[in-house]
Amino acid sequence: MSSLMRFQYVIGGELRFLSHLDLVRTFERALRRAHIPVALTEGFHPKPKLSFACPLAVGITSQAEYGDVVLADGLHPQEFACRLNQVFPQGLRIVRAGTTAAKIPALMAVVNGAEYSIELVGDTIPAAVEHIKAAKELLVERTTKNGTRLVDLRPLIFALEAAEGELVLRCAVGAAGNLRPDELLHLLGTEPGDALVERTGLFIRSGDSWLDPMDGIEVTYGN
């Protein structure tokens with residue numbers, strides 16, 4: 173009987189330079205090598221039923237990425253995580269996993285909040301942060317396949333605090349609105365290469381609550 177395995181993983185080191193597509197391929201290869209009984213899509217070119225939350229921008233590490241995989245046969249979350257961790261490249265590791273037989277929304281459909289830790293240097297950073305927090309709008313240009321358009325970043329920033337060279341940012345992610353950390357760094361007058369950015373959380377925002385994507389899952393591997 174098929175079941176859904178939801179997992180949290182960390183990504184760091186040189187793997188932070190992987191594109192999202194390359195990361196997906198890394199997972200698919202690891203699932204094969206670890207002999208995980210993954211359910212496949214139908215059609216001429218079946219693929220593992222594998223999906224993720226919000227793609228991580230290239231160059232950013234993370235302590236809290238999430239994925240779902242549909243298993244064709246039962247497998248304990250601890251066995252699932254241990255098998256994959258043995259074949260993953262250095263810098264990639266599953267830290268929590270759990271299963272559910274219930275039908276739940278896809279991660280990409282419900283994850284809409286993120287937290288980042290940003291390490292940078294500069295005496296003007298605190299003043300720039302206060303300017304951003306006080307601003308009524310923060311317009312930036314975004315280039316898409318349909319051309320260039322202005323986007324107001326201010327509604328996408330929920331919290332921004334500075335302390336001892338570190339910023340803690342809580343912002344919107346997902347299809348309804350997505351703040352890219354490099355856009356914030358640009359507003360601060362900092363180049364992305366001059367900052368260390370780590371995603372420390374992904375959440376499901378519901379009113380004033382920030383919910384763990386693992387809520388409702390029977391987590392039997394990890395904390």
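Residue numbering for the sequence shown follows this note's numbering, beginning at 173 and increasing consecutively. In this text, a Cβ means the ideal position worked out from N, Cα and C, and glycines have one as well. Fair warning: this is a prediction, and the values are worked out from it, not measured in the lab.
8 Å Cβ cutoff met for residue i and residue j
i	j	result
Leu264	Tyr181	yes
Arg314	Val323	yes
Val312	Leu325	yes
Arg268	Tyr393	yes
Leu351	Leu332	no
Asp240	Leu279	yes
Leu310	Leu360	no
Ile297	Ala274	no
Residue nearest to residue i in terms of C-alpha spacing, selected from the options
i	options	result
Cys226	Glu309, Ala211, Ala367, Tyr238	Tyr238
His207	Pro364, Pro277, Cys254, Leu193	Cys254
Ser289	Ser381, Gln250, Glu336, Gly388	Glu336
Met177	Pro249, Ala347, Thr316, Leu228	Pro249
Arg342	Asp366, Thr320, Asp380	Asp380
Val230	Leu256, Arg204, Glu186, Ser223	Glu186
Val391	Glu251, Ala347, Ala281	Glu251
Ile389	Leu339, Lys317, Thr272	Thr272
Ala281	Ala307, Glu200, Glu214, Ser223	Ser223
Ala307	Pro209, Phe330, Leu339	Phe330
Leu339	His217, Lys305, Lys219	Lys305
Sequence-distant residues of its chain with Cβ nearer than 7 Å to residue i (five each side left out)
i	result
Ala211	Ser174, Lys221, Val242, Leu243, Ala244
Phe260	Ala202
Gly184	Thr233, Gly263
Pro364	Gly231, Asp354, Leu357
Ile191	In the sequence under discussion, the amino acid at residue 191 is Ser, which differs from the Ile named in the question. Only Val230 meet the Cβ criterion.
Gly319	none
Supposed close pair residue i, residue j - CB separation, criterion 8 Å
i	j	result
Leu368	Glu287	The Cβ separation is near 15 Å, so there is no contact.
Ala236	Gly373	5 Å
Gly285	Met386	Rounded, the Cβ-Cβ distance is 15 Å, inconsistent with contact.
Leu228	Arg321	Going by Cβ atoms, the distance from Leu228 to Arg321 rounds to 24 Å, so no, they are not a contact pair.
Other residues of its chain near residue i: CB distance less than 8 Å, five sequence neighbours each side excluded
i	result
Leu383	Phe375, Ile376, Arg377
Gln258	Ala206
Val283	Ala225, Cys226, Tyr238, Val345, Gly346, Leu374, Phe375, Ile376, Pro385
Val196	Leu222, Phe224
Nonlocal neighbours in the same chain, by C-beta distance under 6 Å from residue i, ignoring five residues either side
i	result
Thr362	Leu292
Leu256	Ala202, Ala206, Ile266
Phe179	Gly239, Ile266, Ala269
Thr198	none
Glu214	none
Residue i beta carbon near the ligand MN (any heavy atom closer than 7 Å)
i	result
Leu176	You won't find the ligand MN in this model; it holds no ligand whatsoever.
Item to check | In chain order, each alpha helix (DSSP H) run of at least 4 residues that lies wholly inside the stretch 333-371 | outcome: Those alpha helix (DSSP H) runs which fall completely within the stretch 333-371 and span 4+ residues are 353-359.
Item to check | Ordered list of alpha helix (DSSP H) runs contained in the stretch 191-273, each at least 4 residues | outcome: Whole alpha helix (DSSP H) segments, 4+ residues: 192-205, 249-259.
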